[in-house]
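The opening position of the sequence shown corresponds to residue 1 in the UniProt record's numbering, with each subsequent residue numbered one higher. Below: the structure, in structure tokens.
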Amino acid sequence: MIEVVGVGEDGPAGWSPAVAALVEAAPRVVGGARHLAMLEPRPGQERLTWPSPLRAGLPGLFPGAGRDGLTVVLASGDPLRSGIGTTLLEEFGPGAVRIHPALSSDTLARARMGWAAESVEVVTVVGRDPRRLLPALTPGARLVVLCSDGGGPEALAGLLREAGWGSARLTALWHLGGEREGRREGTAATWEPAPTPDLVVLCVELPARGAPTVGTGPAPGRPDALFTDGGMITKRDLRAAALGRLRPVPGGVLWDLGAGSGAVGIEWALAARGARAVLVERDTGRAAAAEQAAARLGVADRVTVLRTTTAAAVADADLPTPDAVFCGGGVTAEVVDGALAGLRPGGRLVAHGVTVETEQVLLAAQARHGGEVSRTAIERLAPLGRLRGWTPARTVTTWSLVTGEGACTGTTDHPTDPRGES
1 MIEVVGVGED GPAGWSPAVA ALVEAAPRVV GGARHLAMLE PRPGQERLTW
51 PSPLRAGLPG LFPGAGRDGL TVVLASGDPL RSGIGTTLLE EFGPGAVRIH
101 PALSSDTLAR ARMGWAAESV EVVTVVGRDP RRLLPALTPG ARLVVLCSDG
151 GGPEALAGLL REAGWGSARL TALWHLGGER EGRREGTAAT WEPAPTPDLV
201 VLCVELPARG APTVGTGPAP GRPDALFTDG GMITKRDLRA AALGRLRPVP
251 GGVLWDLGAG SGAVGIEWAL AARGARAVLV ERDTGRAAAA EQAAARLGVA
301 DRVTVLRTTT AAAVADADLP TPDAVFCGGG VTAEVVDGAL AGLRPGGRLV
351 AHGVTVETEQ VLLAAQARHG GEVSRTAIER LAPLGRLRGW TPARTVTTWS
401 LVTGEGACTG TTDHPTDPRG ES
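Set out below in structure tokens:
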């Protein structure tokens with residue numbers, strides 16, 4: 001059995017008698033050098049530090065998948081809060097791993113701030129791009145950010161300033177629960193350009209008013225200007241409608257086929273916690289622009305861009321099984337069949353078409369598989385000489401389907417365009 005023991009800033013003094021006895025009796029103890037140094041010497045007890053690379057070295061470190069003999073693992077705070085406990089459970093399963101948590105740094109931070117758990121979102125940027133904080137920036141939000149080191153608060157303050165949140169209230173808290181506990185307070189605009197001690201979290205309180213609103217929150221339909229389109233983008237009105245049918249869910253996977261700017265896939269990732277998107281775009285320039293947009297909006301770690309054709313992608317057995325598929329370009333009967341074959345039961349498919357040829361593919365697909373067909377025509381007010389008039393965009397045909405719901409008669413209200421209103 002692998003017994004994972006959380007260690008607070010107060011070290012072994014914070015353990016219950018039962019946990020202390022467990023660590024003392026263990027023939028093997030695994031942990032970081034800092035945690036192992038907290039233990040009293042014990043003859044005959046083997047003490048090992050973590051291998052590098054970590055995941056590849058775990059089977060050798062825990063032979064028999066942790067089921068032959070007792071091994072204690074020392075971990076910071078709550079081992080299931082972005083910690084080694086999660087990794088060990090993924091690797092060996094709950095039958096081989098038992099967790100003994102200490103108070104997590106975010107729990108202690110909330111206690112110091114007087115923030116209720118339900119009012120706070122916890123974000124980790126440990127070993128990750130700090131921009132993954134960006135999707136959590138909404139008016140009035142309270143955030144506890146787990147930092148990699150003492151340079152984290154300064155970097156995050158700069159990120160907040162760049163994003164227009166200079167008035168955000170910041171509190172850095174370090175060595176929580178120990179004798180060296182300390183804090184620094186300020187705003188993002190006035191934050192002192194100096195590092196804090198390394199074991200630090202940053203509490204962020206965003207203003208409810210006078211804050212940026214463009215691009216914040218989970219709702220789809222962000223301004224097109226946030227994405228570099230390269231001439232291929234599903235415009236915001238059509239994008240919002242498509243995502244309404246695709247129904248992003250926490251942890252859900254989307255295939256965005258013929259992704260162009262990647263706006264649909266990126267907004268899927270922004271719409272739900274842990275949602276992931278695989279963007280398929282054969283044009284290398286547009287694929288690079290999609291990667292840049294995902295990074296700018298803080299979801300680069302949940303958006304994968306494949307530079308290949310849609311036909312090749314749907315035939316790739318290594319792609320994660322999707323909860324939803326969006327076909328924005330390159331729609332053929334083969335792509336439709338491959339997408340439907342890959343979807344989970346209850347999966348959602350939305351396909352757009354602008355050309356007559358693509359519309360015929362979508363109508364044929366609806367006749368074979370059911371679902372709904374509609375057309376969307378959008379007109380925008382624009383100058384017309386000294387006056388104003390309506391400028392129509394290309395009509396877009398949409399076919400949408402939920403697998404397992406049976407064939408529908410379909411509604412040909414009038415089709416719409418796949419990529420938008422250009």
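Cβ coordinates follow ideal geometry from the N, Cα and C atoms, glycine included. Predicted, not measured: the structure shown is a model, and the values here were computed from it.
* To do: Inspect the beta-carbon positions of Thr196 and Trp174 and report whether they are closer than 7 Å.
  => As a working note, residue 196 is residue 196 in the sequence shown. As a working note, residue 174 is residue 174 in the sequence shown. Yes, they are a contact pair.
* Taking the C-alpha atoms as reference points, what is the distance between Arg110 and Ile378? -> Walking along the sequence shown from the start, residue 110 turns up at place 110. Walking along the sequence shown from the start, residue 378 turns up at place 378. Each residue's Cα considered, the two are about 48 Å apart.
* **Val373 (DSSP reduced to helix, strand or coil)** => In the sequence shown, counting from the first residue as 1, residue 373 sits at position 373. Three-state DSSP puts Val373 in a strand.
* Asked: According to DSSP, what are the bridge partners of Phe326?
  -> Locating residue 326 in the sequence shown gives position 326, counting from the first residue. BP columns for Phe326 point to Asp256, Val350.
* Indicate the three-state DSSP secondary structure (helix, strand or coil) for Ser76 in the structure shown. => Taking the sequence shown and counting its residues from 1, the one referred to as residue 76 is at position 76. It is a strand residue.
* Asked: Cα separation between Ala317 and Ala341?
  -> Stepping through the sequence shown from its first residue, residue 317 is reached at position 317. Stepping through the sequence shown from its first residue, residue 341 is reached at position 341. Distance between the alpha carbons of Ala317 and Ala341: 11 Å.
* Over the uninterrupted beta strand (DSSP E) stretch that includes Ile2, give me the two end residues. => Residue mapping note: residue 2 aligns to position 2 of the sequence shown, counting from 1. Looking at the DSSP string, the run of the beta strand (DSSP E) that includes Ile2 is 2-7.
* To do: Quick one: give me the first and last residue of the alpha helix (DSSP H) that Trp268 is part of.
  => Along the sequence shown, read from residue 1 onward, the residue named residue 268 stands at position 268. Counting along the chain, the alpha helix (DSSP H) containing Trp268 begins and ends at 263-271.
* From the DSSP output, in three-state form, read off His35 for me. => Along the sequence shown, one-based indexing puts residue 35 at 35. Looking at His35 - three-state DSSP - the assignment turns out to be helix.
* Contacts around Asp198, its chain only, beta-carbon distance under 6 Å, and the 5 residues preceding and following it disregarded -> Here the question's residue 198 lines up with position 198 in the sequence shown. Excluding sequence neighbours, Asp198 sits near Asp149, Gly150.
* To do: Output the boundary residues of the alpha helix (DSSP H) element that contains Pro43.
  => Residue numbering aside, residue 43 sits at position 43 when the sequence shown is read from its first letter. Element bounds for Pro43: n/a, residue is neither H nor E.
* Is the segment 93-104 in contact with the segment 123-132, if contact means three or more CB pairs nearer than 8 Å? -> no
* residue 428 - DSSP class collapsed to helix/strand/coil -> This structure gives no information on residue 428, because the portion of the chain shown stretches from 1 to 422.
* Leaving aside the five residues before and after Trp390 along the sequence, list all residues of the same chain whose C-beta is less than 8 Å from its C-beta, in chain order. => Here residue 390 is taken as the residue at index 390 of the sequence shown, counted from 1. Closer than 8 Å at Cβ, skipping near neighbours: Glu379, Arg380, Leu381, Ala382.
* Asked: Smallest Cα separation from Gln45: which of Gly32, Leu54, Val72?
  -> Mapped onto the sequence shown, residue 45 falls at position 45. Nearest of Gly32, Leu54, Val72 to Gln45, Cα basis: Val72.
* Hey, would you say residue 427 sits closer than 7 Å to Val335, going by beta carbons? -> Outside the modelled stretch of the chain, which goes from 1 to 422, sits residue 427, for which no answer is possible.
* Asked: DSSP beta-bridge partners for Thr71?
  -> Here residue 71 refers to the residue found at position 71 when the sequence shown is read from its first residue. Note: Thr71 sits in a beta bridge opposite Ile2, Arg28.
* Going by alpha carbons, who is nearest to Cys59 out of Ile2, Gln292, Leu80, Arg81? -> On the sequence shown, position 59 is the one that residue 59 refers to. The displayed chain sequence assigns Pro, not Cys, to residue 59. That would be Ile2, whose Cα lies nearest to the Cα of Pro59.
* Is there at least one non-hydrogen atom of the ligand ADP closer than 6 Å to the beta-carbon of Gly77? -> This structure simply doesn't include the ligand ADP, nor any ligand for that matter.
* Pro223, enclosing beta strand (DSSP E) - first and last residue -> Numbered from its first residue, the sequence shown carries residue 223 at position 223. Run containing Pro223: none; DSSP gives neither H nor E here.
* To do: Name, in chain order, the residues that DSSP records as bridge partners for Val145.
  => Here residue 145 refers to the residue found at position 145 of the sequence shown. Note: Val145 sits in a beta bridge opposite Val123, Leu202.
* To do: Compute the Euclidean distance between the alpha carbons of Ala288 and Ala117, then round it to the nearest angstrom.
  => As a position in the sequence shown, residue 288 is number 288, starting the count at 1. As a position in the sequence shown, residue 117 is number 117, starting the count at 1. Rounded to whole angstroms, Ala288 to Ala117 spans 39 Å at the Cα level.
* Report the rounded CA-to-CA distance for Val396 versus Val120, giving the unit in angstroms. => Position 396 of the sequence shown, counted from the start, is the residue given in the question as residue 396. Position 120 of the sequence shown, counted from the start, is the residue given in the question as residue 120. Distance between the alpha carbons of Val396 and Val120 is about 41 Å.
* **Residue nearest to Val200 in terms of C-alpha spacing, selected from Gly77, Leu387, Thr228** => Within the sequence shown, the letter at position 200 stands for residue 200. Of Gly77, Leu387, Thr228, the residue nearest in Cα terms is Gly77.
* Can you give the Cα-Cα distance for Pro135 and Arg209, rounded to whole angstroms? -> Here residue 135 is taken as the residue at index 135 of the sequence shown, counted from 1. Here residue 209 is taken as the residue at index 209 of the sequence shown, counted from 1. Their backbone Cα atoms lie some 18 Å apart in a straight line.
* Out of Ala275, Leu238, Gly260, point me to the one whose CA is closest to Pro218's CA. => Your numbering for residue 218 matches position 218 in the sequence shown. It is Ala275.
* Asked: Anyone know if the C-beta pair for Leu206 and Pro220 falls short of 7 Å?
  -> If you number the sequence shown from 1, residue 206 lands on position 206. If you number the sequence shown from 1, residue 220 lands on position 220. Not a contact, by the Cβ cut-off of 7 Å.
* Asked: Does the segment 320-334 come close enough to the segment 256-276 that 3 or more CB-CB pairs lie under 8 Å?
  -> yes
* To do: Please classify Ser105: is it buried, with 16 or more other beta-carbons within 10 angstroms of its beta-carbon, or exposed?
  => Mapped onto the sequence shown, residue 105 falls at position 105. So Ser105 counts as buried.
* Would you list the one or two residues that DSSP bridges to Val280? => Taking the first residue of the sequence shown as position 1, residue 280 is located at position 280. Leu257, Leu306.
* For Arg236, does the count of other Cβ atoms within 10 angstroms reach 16, so buried, or fall short, so exposed? -> In the sequence shown, residue 236 corresponds to position 236, counting from 1. Buried is the call here.
* With DSSP collapsed to three states, give me the class of Ile233. => The residue labelled residue 233 in the question sits at position 233 within the sequence shown. Of the three classes helix, strand and coil, the one that applies to Ile233 here is coil, per DSSP.
* To do: Determine the direct distance from the alpha carbon of Glu162 to that of Ala189, and round the result to whole angstroms.
  => Here residue 189 corresponds to residue number 189 of the sequence shown, with the count starting at 1. Here residue 162 corresponds to residue number 162 of the sequence shown, with the count starting at 1. Those two C-alpha atoms are separated by around 10 Å.
* Asked: How about Gly186 and Leu170: are their beta carbons less than 7 Å apart?
  -> The count along the sequence shown starts at 1 and reaches residue 186 at position 186. The count along the sequence shown starts at 1 and reaches residue 170 at position 170. Contact flag set, yes.
* Can you tell me whether DSSP reads Glu291 as helix, strand or coil? -> Counting from 1 along the sequence shown, the entry for residue 291 is found at position 291. In the structure shown, Glu291 sits in a helix (DSSP, three-state: H, G or I).
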